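To keep things clear, I will list the structure first and then write my remarks on it.
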Amino acid sequence: MGFFDKLKKGLSKTREMMSDGINRVFASMGRVDEDMMEELFDALISADVGMDTTDKILDKLRASIKENKIIDPAEAKDQLIRIIAEMIDPADAGLKLNSKPAVIFVIGVNGVGKTTSIGKMANNYRSAGKKVVVAAADTFRAAAIDQLQVWTDRAGVDLIKQQEGADPSAVLFDAINAAKSRSADILIVDTAGRLHTKKNLMEELNKMNRVLRRELPDADINTLIALDATTGQNGISQAKVFSEGCPIDGIILTKLDGTAKGGVVISIKDELGIPVRLVGVGEGIDDLLVFEPQEFVSAIFND
Ligand SMILES: Nc1nc2c(ncn2[C@@H]2O[C@H](COP(=O)(O)OP(=O)(O)O)[C@@H](O)[C@H]2O)c(=O)[nH]1
Ligand SMILES: [Mg+2]
């Protein structure tokens, strides 16, 4: 299956909710008016776009309709798609991976899909000819280390690990040295999503960040938070909490295949100012896609 078809399939539930809802509005409305805006409001909210972002989108749409003197609903639809695509555009080239090694530091609460996404990422980069080292810095449970081992074996990349309960920063330190001595292109770090308290977790992340920046002062470090799309707007509050622990550069939005709430992609960028970088559309090793705003809106709105 091609990239675009995979995205479209992964978004099929969101398509049903959002695109069918919105298309129905444009098809059933004979003209562009406030009734249409109200119906659009309902359609966007149902797809979990979020109240503030929905208001913003519709304000922009009203302005564009006025400015371009639009009377045809089909033209209004084109404007809506353009407005959404602009809102989710990261406006840059994506992850910074120029240093050797470059680092991808993955954070997020338990069960959102960090380890799975790391396995998929490792596989994608290895397939692209990159040398990848993965750090098992989620030492909270032995099972977490074993799970990562399965993924890294599958992806054919090196895993640096210690025993359960080890200091995550010590594992990270080992992994940095391994990445240096093995001339790795990319070091990917798995972290725990749960410690005894939120304070512990944030301190732990802080400490790991200091180790990274001390040992690799000139490296490109990308901190990505994994958010589960099925939790919709909840993911936004998770990102706010984690950003107290460390600055976040981007989002891995997982499990888009399992939800009709894919509209959360739009409000994430708008409310957090953090771009979505990768999207998970299934449990398989090939089911992680680089997020492209134009492709995303096309996959949702076009037939
Ligand atoms: N359907 C689907 N399931 C996913 C996706 N990403 C992760 N999962 C599942 O979510 C569960 C938790 O994932 P895991 O990587 O262990 O989360 P972690 O605790 O953040 O490391 C696993 O059962 C994964 O297979 C995705 O994109 N789509
Ligand atoms: Mg994990």
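For the sequence shown, the working numbering assigns the number 155 to the initial residue and increments by one for each residue that follows.
C-beta: ideal position from N, C-alpha, C; glycine also.
All figures in this text were calculated on a predicted structure; none of them were measured in a lab.
Check whether the stretch 294-303 touches the stretch 327-334, taking contact to mean three or more Cβ pairs, one atom from each stretch, closer than 8 Å.
-> no
Taking the continuous alpha helix (DSSP H) assigned at N376, which residues delimit it?
-> Premise fails: N376 lies in the beta strand (DSSP E), 375-382, not in any alpha helix (DSSP H).
Taking 7 Å as the cut-off, is the CB of K268 close to at least one heavy atom of ligand 2?
-> yes
Would you mind listing the beta strand (DSSP E) stretches within the stretch 286-323 that are 3+ residues and don't spill past its ends, in chain order?
-> 286-291, 312-314
Nearest-angstrom Cα separation, counted from A256 out to V433 | 20 Å
Given that a residue counts as buried once 16 or more other Cβ atoms are within 10 Å of its Cβ, and exposed if not, what is N354?
-> exposed
According to DSSP, what are the bridge partners of L442?
-> G434
Measuring from the CB of V435, is there a heavy atom of ligand 1 at a distance below 7 Å?
-> yes
Work out the CA separation of A393 and M190 for me, nearest whole Å.
-> 33 Å
Under 7 Å from any heavy atom of ligand 2, does the C-beta of A298 make it?
-> yes
Name the one or two DSSP bridge partners that F259 has.
-> V343, T377
Hey, how far is the Cα of D213 from the Cα of L194?
-> 12 Å
With a threshold of 7 Å, establish whether the CB of K206 neighbours any heavy atom of ligand 2.
-> Per the sequence shown, the amino acid found at residue 206 is Asp instead of Lys. Incorrect: D206 has no Cβ contact closer than 7 Å to ligand 2.
Could you have a look at G204 and say whether DSSP puts it in helix, strand or coil?
-> coil
Opposite T408 in the DSSP bridges: which residues?
-> D382
From the DSSP output, in three-state form, read off S253 for me.
-> coil
Within 8 Å, strictly: CB atoms of L234 and L215 | yes
State yes or no: is the C-beta of D441 nearer than 7 Å to some heavy atom of ligand 2?
-> no
Nearest-angstrom Cβ-Cβ length linking F327 and E369, presumed shorter than 8 Å = 7 Å
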